[in-house]
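Going left to right, the sequence shown walks through residues 98 to 435 as the working numbering numbers them.
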Amino acid sequence: MAHIALVAPSLRSVTSASTTDWAQRIRALAAEKDAVILAHNYQVPEIQDVAHHVGDSLALSRIAATVPESTIIFCGVHFMAETAKILSYDKTIIIPDERAGCSLAETITADQLRAWKAEHPGAVVVSYVNTTAAVKAETDICCTSSNAVDVVKSIPVDRPVLFCPDQFLGAHVQRQLKRDNMHIWMGECHVHAGINGAELKAMVAAEPDAELFVHPECGCATSAMYLASEGVVPAERTHILSTGGMLEAARTTTARKVLVATETGMLHQLRKVNVTTEFQAVNRAAVCKYMKMITPEKLEHSLLHGTDIVDVPRDIADKARLSVERMIAIGTPSRIGE
Ligand code: 13P
Ligand code: SF4
98 MAHIALVAPS LRSVTSASTT DWAQRIRALA AEKDAVILAH NYQVPEIQDV AHHVGDSLAL
158 SRIAATVPES TIIFCGVHFM AETAKILSYD KTIIIPDERA GCSLAETITA DQLRAWKAEH
218 PGAVVVSYVN TTAAVKAETD ICCTSSNAVD VVKSIPVDRP VLFCPDQFLG AHVQRQLKRD
278 NMHIWMGECH VHAGINGAEL KAMVAAEPDA ELFVHPECGC ATSAMYLASE GVVPAERTHI
338 LSTGGMLEAA RTTTARKVLV ATETGMLHQL RKVNVTTEFQ AVNRAAVCKY MKMITPEKLE
398 HSLLHGTDIV DVPRDIADKA RLSVERMIAI GTPSRIGE
């Protein structure tokens, strides 16, 4: 133990010196290339720290639509970079690794959505932004985890709704609005579905005074609400939040400890905005391998070589833009269902 303590500080200082050099190089390259770096809350800490803007998917969409730079380097997953392209078609959009996909976005294709629509003529299609551009082009209005309830609320109550692709977010919206004409696609994100109610219940039992931040994509979102209504998990300490909403709540919480049910990259920003509360992952294995495909080395490579460029066919982008812009026009409360 003593040996580790002697070695670790010098390793840390070498690492932080080279991280600083790297960060300075990245910022200088970005300025030289007229590029802005956007990073999702699930990115590795070095990338979150070097980015010009860090946020949830809705905040990043909004920023992508308004930044003045001619190039956007999108450190996130592919559908997010596509959304930036849809909103800023004349800009160059780069993702440091185009293979960074999303298991949830893969659960529905444009053909499947067209077939589903044919079964429900007259229904309004609401798609979570975690979808491909081709699916967005078949969508009436998009939503993110931070505005899903308001988006569905904006649809006349007598119109049926097709909600895709996340079943847990869909169940959350349905529960909030008590709407019985919502049809929900049974897709899921493998990372969030892996955070289950049983795990949550065990942790809550072990930490009786902790608050809970739960992302609505989690397999445990349904269970968390159920457990709250049963009084097993205290309802007043259970918050269903987007990643942006978690940050807002972290700024003001006075809890000694918060249990966090989402991808573990989120902990970095939470710990930055609140250094007194302890933030602990409900499942430390909840790591999105796609988000982690964006590494510091790949970010530097993409700035140097202009790869990987994200493109969306113009006709698809034009149709998809309508559904994304309708979403952006809806209010953006980041606390969901509170
Ligand atoms: P947010 O919209 O909360 O940032 O979530 C995006 C996402 O991919 C969750 O897995
Ligand atoms: Fe997609 Fe899940 Fe990764 Fe989010 S955490 S990007 S929904 S695979």
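All C-beta atoms, glycine included, are put in the ideal place defined by N, C-alpha and C.
For residue 352, I'd like the list of residues in its chain whose CB is within less than 6 angstroms of its CB, leaving aside the five on either flank, ordered along the chain.
-> For the purposes of this step, residue 352 is taken as residue 255 along the sequence shown, with counting starting at 1. Once the five neighbours on either side are set aside, the close Cβ partners of residue 352 are 308, 374.
CB of residue 136 within 8 angstroms of CB of residue 144, strictly = Numbered from its first residue, the sequence shown carries residue 136 at position 39. Numbered from its first residue, the sequence shown carries residue 144 at position 47. Between residue 136 and residue 144, the C-beta spacing is below 8 angstroms.
Rounded to a whole number of angstroms, what is the C-alpha to C-alpha distance between residue 438 and residue 340?
-> Not covered by the structure: residue 438. The range shown for the chain is 98 to 435.
Can you check DSSP and say which residues form a bridge with residue 261?
-> Locating residue 261 in the sequence shown gives position 164, counting from the first residue. For residue 261, DSSP records a beta bridge to 224.
Any chance the CB of residue 286 is under 7 angstroms from a heavy atom of the ligand SF4?
-> By one-based count along the sequence shown, residue 286 stands at place 189. Yes; taking the cut-off as 7 angstroms, the Cβ of residue 286 has a heavy atom of the ligand SF4 nearer than that.
In chain order, which alpha helix (DSSP H) runs of at least 4 residues are fully inside the region 133-210?
-> Contiguous alpha helix (DSSP H) elements confined to the region 133-210 occur at 142-147, 154-163, 175-184, taking only those with 4 or more residues.
Would you mind stating whether residue 296 and residue 201 have Cβ atoms separated by less than 8 angstroms?
-> Residue 296 sits at position 199 when you count from the first residue of the sequence shown. Residue 201 sits at position 104 when you count from the first residue of the sequence shown. Contact flag unset, no.
With 16 other CB atoms within 10 Å as the buried threshold, where does residue 402 fall?
-> Along the sequence shown, one-based indexing puts residue 402 at 305. Result: exposed.
Can you have a look at residue 180 and say buried or exposed, based on whether 16 or more other CB atoms are within 10 angstroms of its CB?
-> Indexing the sequence shown from 1 puts residue 180 at position 83. Buried: at least 16 other Cβ atoms inside 10 Å.
If you measure from the CB of residue 240, is any heavy atom of the ligand SF4 nearer than 7 angstroms?
-> Taking the sequence shown and counting its residues from 1, one reaches residue 240 at position 143. The nearest non-hydrogen atom of the ligand SF4 is 7 angstroms or more from the C-beta of residue 240.
Neighbourhood of residue 365 by C-beta distance below 6 angstroms, restricted to the same chain and skipping five residues each side | If you number the sequence shown from 1, residue 365 lands on position 268. Hits under 6 angstroms: 142, 145.
For residue 372, does the three-state DSSP call read helix, strand or coil?
-> Mapped onto the sequence shown, residue 372 falls at position 275. DSSP places residue 372 in coil when its eight states are reduced to three.
Within 10 angstroms of the Cβ of residue 349, are there 16 or more other Cβ atoms? Answer buried if so, exposed if not.
-> Numbered from its first residue, the sequence shown carries residue 349 at position 252. Exposed, by the Cβ-count rule.
Can the beta-carbon of residue 267 be found less than 8 angstroms from the beta-carbon of residue 290?
-> As a working note, residue 267 is residue 170 in the sequence shown. As a working note, residue 290 is residue 193 in the sequence shown. Taking 8 angstroms as the Cβ cut-off, residue 267 and residue 290 do not qualify as a contacting pair.
If we ignore side chains and look at the alpha-carbon of each, how far apart do residue 165 and residue 422 end up?
-> For the purposes of this step, residue 165 is identified with residue 68 of the sequence shown, where counting begins at 1. For the purposes of this step, residue 422 is identified with residue 325 of the sequence shown, where counting begins at 1. Using only the alpha carbons, I get a separation of about 19 angstroms.
Residue 280 in three-state terms, based on DSSP | To locate residue 280, count along the sequence shown from 1; it is residue 183. Reduced to three states, the DSSP call for residue 280 is strand.
Do the CB positions of residue 174 and residue 388 come within less than 8 angstroms of each other?
-> Position 77 of the sequence shown, counted from the first residue, corresponds to residue 174. Position 291 of the sequence shown, counted from the first residue, corresponds to residue 388. Yes, the pair counts as a contact, with Cβ atoms nearer than the cut-off.
What does DSSP give as the partner residues of residue 406 in its beta bridges?
-> Mapped onto the sequence shown, residue 406 falls at position 309. DSSP, once it has assigned bridges, lists 191 as partnering residue 406.
Between the CA atoms of residue 260 and residue 321 - distance to the nearest angstrom | Translated into the one-based positions of the sequence shown, residue 321 becomes position 224. Translated into the one-based positions of the sequence shown, residue 260 becomes position 163. So the two alpha carbons sit approximately 21 angstroms from each other.
Just to check, is the beta-carbon of residue 138 closer than 7 angstroms to a non-hydrogen atom of the ligand SF4?
-> Residue 138 sits at position 41 when you count from the first residue of the sequence shown. Taking 7 angstroms as the cut-off, the C-beta of residue 138 does not count as close to any heavy atom of the ligand SF4.
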